[in-house]
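In my numbering, the protein residues as written are 172 to 1152.
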């Protein structure tokens, strides 16, 4: 199928070179390759041969790194012909590139099993002859001979010695690539420790290139595990996988990361990564790369199937859906065929043997926590196994119906398992309702199932859906002649699971009014209802009390406290009289929460303590977790995080006996995260946040889950766990509903913004800039939220400036300023403009000073606006920060007198630290300003005496007010000034 042109046809060589430069900035893949093909064709029109050479070199690079080895040798043959016919066209740089790419062709031919071994050898001979004729050293030729020997699996020791003993040349592979080849030689010999020692400079980041360290990392993962370095393997997996994911030219590396997941108890993550790399099934044109990828895929699928999950869905070849078992069979057949073709070409069994070794390898670890989002195969299966199985579900249909209703009447969590089983039976073809009075009519059962479904929707905060389901259930109950059940269902529709259906305004007054109306409707319904059983009437009373409790939460009005307590007293008296223990507990819990909301925390604790004694004595036991959870939250309100942590931990332990209450367990983890943070245990908090989020996700509360995960990502970034943060966000953004655009766009934007910040923190400036730019473009359309666009555009501008793209940075800053004019963001815009000015002056010196000063003038205008509006900065004072930046910018431009004047102004605005000052940030800012002023004065203006006097005065002041830490940089500078003086 023809591909649409990606660029305008260049009309002259200048346009061609510009287009080639633009294409060179694109990532490898079809877009870059198609553009390179178009540009090579366009270059044919020019009389000069040199532009054609450049275009062909770009095209060969696109084919090589786009995993299209069949096309690379064809392009190189054209280049070689041009070189033979017009050698003068090739300057020293082009000549170097031409001889370098002999190796690319050799690697391409090795990757194609249809190319005979004799042709491979002929090409190596051609390369050697060309090198000798050109007077070049032969080390690169011996390196290629070793690579072919290693590929074939014969005479590798001799070939290695002939290559490894020779001195490197300018045409040798880069140091990182050669290190990888040496390490692989030792790895094939079974020497893990020597291979890792050889790899050390690459794994440590001291040697790198376009393919490294990602290639070496993928091979080093298993040796690291075998030598006990699991933590390092984990860290390298996170960074290495990100460098190769979705890249067709690194599909073999992706396969090895999948294998690593399979062998460390991370099969679920492996399936997730497989889905993320589904494009590789269709885009890898290199048979050798594809063999490596498919073998890694098969290792993963084989492991998943062996664990009994062969029917799980798996991402595979396009055009159909796959299960793990079906995809494994398909992959096995294709990979076996590829290995056989290579072995037939080579006359050995090396590739089949290597495949067998990988497939026969046993897991190296039962479990290794690779990411913050640790999930097992049960978590990705349609239903997870409960921690504590419910009581045995009756086999008799009538007994099952009776049991479900009995448990539901008690509010027992095991009712859910019975309703699930009944729902499956009723939906099955040929269902026959039992002809038994105990089971009741079919309409009654269908009403029960609708009511259960409504309750679950309410728990997920799908209030409109819950209300509609309750109304449908009420109609069925009427049909079944169950007026009490119908009345209760209609009451629940008025207040499903503690929420209100429909829109009632965002303000507390509107919410309070809606809840007042709901309570009145509940009272009327209660008064008019007939045939209520005691447990039904108790539930109605509970709904009435809940409506008023919610009104109190919305309004925080003291006048609303007494009505809640009055309703609670009615419920408690009724439940006590009828011995309905679940509602007795519920009433006391409502009373405690009412005390807490009204601010009487000691009374709330006393009520809860009495309830805990009651629950331990008489039950119901499944109320213990939520009671302990409320006690823990109240302890947080009392600023006792240690007691809160103890209560919440016990609540979590108790909740393990009732796994069907996923929502309550998720809340316990979330509260434990808060308690852990207050206790200074951020790593523990992070574990609880991720567990809470995953539970929310499993129970269908996806928005809550993504919000919690976003908080976890930010916390991991704050803790410096950058790769953990990126891996977590990558996993979330790959969720099907996010990928399909079904999740709130602002929430997804927040996840992507966190990812962009993490990429920046991880020094992946190119990826961070791309993500920021995309977010800035999208948020420009947020007419209802210009403030967020201002923030995103400001951050985008700073990232672009950091990468040296000052023109694009200024455009992004202008976007931020336009949005700021609608919804002011004084601090963010001031900080952005100051940082742009600093970066431009730092990169361009005096040449960049006019633009830098223009940016600072904009920052000054924003400071004036803030002052006029009465805005007080939460961080640095805008005026002193601006003066300090004027000092830095002028210093970069060598305008030292102007810089010193600006820094003195900043010091005046900041004011000297006071004895009672506990603002360490202010003290540090003042000390840094003194230091920079002394640098400008003493070193650049060569006036050491006043600079030393400035420093001595600042050190004395800081010492006097007890801030000795801030004196260290100053005393170090003073020593330097004295030494140089």
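Don't be surprised by glycine CBs; every beta carbon is placed ideally from N, CA and C.
Spatial distance of residue i from residue j (CA atoms)
{"i": "residue 1036", "j": "residue 994", "result": "12 Å"}
{"i": "residue 881", "j": "residue 857", "result": "11 Å"}
{"i": "residue 1004", "j": "residue 1063", "result": "16 Å"}
{"i": "residue 556", "j": "residue 843", "result": "Interpretation of residue 556 is limited by its pLDDT of 37, a score under 50 that renders its predicted location unreliable; the figure taken from the coordinates is listed afterwards. Residue 556 and residue 843: Cα-Cα distance of roughly 24 Å."}
{"i": "residue 1012", "j": "residue 1067", "result": "13 Å"}
{"i": "residue 511", "j": "residue 460", "result": "15 Å"}
{"i": "residue 598", "j": "residue 590", "result": "12 Å"}
{"i": "residue 433", "j": "residue 534", "result": "7 Å"}
{"i": "residue 817", "j": "residue 774", "result": "20 Å"}
{"i": "residue 506", "j": "residue 800", "result": "54 Å"}
{"i": "residue 1047", "j": "residue 959", "result": "21 Å"}
{"i": "residue 384", "j": "residue 374", "result": "6 Å"}
{"i": "residue 1059", "j": "residue 984", "result": "20 Å"}
{"i": "residue 452", "j": "residue 463", "result": "12 Å"}
{"i": "residue 282", "j": "residue 400", "result": "33 Å"}
{"i": "residue 279", "j": "residue 286", "result": "10 Å"}
{"i": "residue 1124", "j": "residue 1113", "result": "19 Å"}
{"i": "residue 1107", "j": "residue 967", "result": "31 Å"}
{"i": "residue 201", "j": "residue 237", "result": "7 Å"}
{"i": "residue 854", "j": "residue 545", "result": "15 Å"}
{"i": "residue 928", "j": "residue 1098", "result": "29 Å"}
Contacts around residue i, its chain only, beta-carbon distance under 7 Å, and the 5 residues preceding and following it disregarded
{"i": "residue 961", "result": "987, 990, 991, 994, 996, 999 and 1000"}
{"i": "residue 660", "result": "622, 641, 644, 645 and 648"}
{"i": "residue 806", "result": "814, 815 and 818"}
{"i": "residue 1110", "result": "none"}
Chain-order list of residues whose beta-carbon lies under 8 Å from that of residue i (same chain, five-residue window excluded)
{"i": "residue 333", "result": "313, 316 and 317"}
{"i": "residue 904", "result": "910, 919, 922, 923 and 926"}
Simplified DSSP state of residue i, which is helix, strand or coil
{"i": "residue 183", "result": "coil"}
{"i": "residue 370", "result": "helix"}
{"i": "residue 812", "result": "helix"}
{"i": "residue 599", "result": "coil"}
{"i": "residue 820", "result": "helix"}
{"i": "residue 485", "result": "strand"}
{"i": "residue 994", "result": "coil"}
{"i": "residue 528", "result": "helix"}
{"i": "residue 1141", "result": "helix"}
{"i": "residue 953", "result": "coil"}
{"i": "residue 829", "result": "coil"}
{"i": "residue 675", "result": "Model confidence at residue 675 stands at a pLDDT of 49, short of 50, so the residue's coordinates are unreliable; what they give is reported in the following sentence. In this structure, residue 675 counts as coil in the three-state DSSP scheme."}
{"i": "residue 747", "result": "helix"}
{"i": "residue 861", "result": "helix"}
Closest residue to residue i among the options (Cα-Cα distance)
{"i": "residue 489", "options": "228, 448, 766 and 616", "result": "448"}
{"i": "residue 473", "options": "491, 246, 459 and 436", "result": "436"}
{"i": "residue 632", "options": "202, 652 and 874", "result": "874"}
{"i": "residue 737", "options": "348, 322, 361 and 759", "result": "759"}
{"i": "residue 487", "options": "214, 968, 446 and 899", "result": "446"}
{"i": "residue 701", "options": "964, 867 and 656", "result": "656"}
{"i": "residue 354", "options": "335, 1081, 215 and 342", "result": "335"}
{"i": "residue 865", "options": "840, 889 and 853", "result": "840"}
{"i": "residue 1053", "options": "1076, 580, 1040 and 1042", "result": "1076"}
{"i": "residue 182", "options": "1141, 210 and 337", "result": "210"}
{"i": "residue 351", "options": "390, 518, 300 and 320", "result": "390"}
{"i": "residue 823", "options": "772, 812 and 798", "result": "798"}
{"i": "residue 485", "options": "499, 478 and 851", "result": "499"}
Cβ neighbours of residue i in the same chain (closer than 6 Å, five flanking residues each side left out)
{"i": "residue 483", "result": "495"}
{"i": "residue 239", "result": "456"}
{"i": "residue 725", "result": "679, 682 and 683"}
{"i": "residue 1120", "result": "none"}
{"i": "residue 1122", "result": "1105, 1141 and 1145"}
Given 8 Å, three or more beta-carbon pairs between the region 928 to 937 and the region 966 to 977: yes
Cβ contact (3+ pairs, closer than 8 Å) linking the region 604 to 615 and the region 569 to 589: Pairwise C-beta distances place the region 604 to 615 in contact with the region 569 to 589, as three or more of them are shorter than 8 Å.
Inter-stretch contact (C-beta, 8 Å, three-pair minimum) for the region 684 to 701 and the region 717 to 734: yes
Touch test, the region 1072 to 1079 against the region 1019 to 1032, Cβ-Cβ under 8 Å, three pairs minimum: no
Touch test, the region 390 to 398 against the region 353 to 369, Cβ-Cβ under 8 Å, three pairs minimum: yes
The region 254 to 266 touching the region 210 to 228, judged by at least three CB pairs closer than 8 Å: yes
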